[in-house]
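Each residue of the sequence shown is one higher than the last, beginning at -17 in my numbering.
Beta carbons are placed, not taken as given, at the ideal position from N, Cα and C, and that holds for glycine.
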Amino acid sequence: MHCGVRCQLMRHPLMVSLALVLMIASGAAIAAEPAGRTPKPAIEPAKTGTQCVAPPEVMRRDHPAMLKHQRDVTVHRGVRQARDSLQGCVGCHASAATGSVAQAKTDFCSSCHGYAAVTIDCFECHASRPAQRTAQAEAGKP
Ligand code: HEC
Ligand code: HEC
Ligand code: HEC
């Protein structure tokens, strides 16, 4: 494929930010390992006696794609109560202290995202607490 000077310049910053994202992502993955030199996000323990929908190393890497895929399956094909549902994550990962996955900086989703400098808007619409405990759910929000 032909790529002129302008196009090369357009490409370059893109590669830089891609490299950054990869560095951040692998940083977060290493973070769970003991004795690393980087400071670690506090991973709030999940509901006891449960198992995640996939092994932790898979979850750390693939959860954005899993959630986006699940959203498309639900919104476009009407499939609900599925394995990778966002309500499922919230149900198991809500903090015992705040009851939420994203209220306090130490809550499950926000602690890791704060560390990795990731911002998500999901909880502007979705409840960040298990269904039976939210006013949002009572108001019929997803
Ligand atoms: C503007 C509001 C809004 C935002 C922002 C939003 N969603 Fe949704 N989402 C919805 C609605 C509405 C549905 C459909 C719920 C239904 O029909 O059951 C939905 C459904 C879903 C589902 C399938 C149902 C479930 O609980 O699994 C997933 C997964 C999902 N969204 C993920 C996300 C993720 C991840 C983000 C952030 C990147 C996000 N959503 C941001 C409104 C939103
Ligand atoms: C049935 C309960 C349950 C559900 C549902 C669940 N998880 Fe988990 N999750 C766990 C448990 C327990 C762990 C701890 C590791 C293990 O034993 O599987 C975990 C681990 C993780 C980790 C790794 C944390 C670390 O140690 O670095 C991530 C990331 C994660 N889950 C994200 C999610 C997301 C995103 C969803 C929704 C798509 C989700 N989980 C749904 C129970 C659950
Ligand atoms: C172990 C650390 C960790 C935990 C815990 C974690 N995330 Fe993430 N998340 C990341 C990293 C790192 C990224 C950005 C890198 C990437 O896209 O792979 C990310 C990206 C995302 C994205 C995509 C954002 C975008 O704009 O594309 C969504 C959606 C998301 N996370 C949802 C969640 C939800 C919901 C939870 C809690 C149930 C959660 N994450 C818990 C580390 C984590």
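Beta-carbon proximity of residue i to residue j, cut-off 9 angstroms
i	j	result
Ala64	Val57	no
Gln85	Ser93	no
Pro23	Tyr97	yes
Asp66	Ala76	no
Pro112	Gln69	yes
Exposure label - residue i; buried when at least 16 CB within 10 Å
i	result
Cys107	exposed
Arg59	exposed
Val72	buried
Glu26	buried
Val83	buried
Ala109	buried
Length at least 4, wholly inside the region 60 to 95: the alpha helix (DSSP H) runs in chain order: The region 60 to 95 contains these whole alpha helix (DSSP H) runs: 68 to 75.
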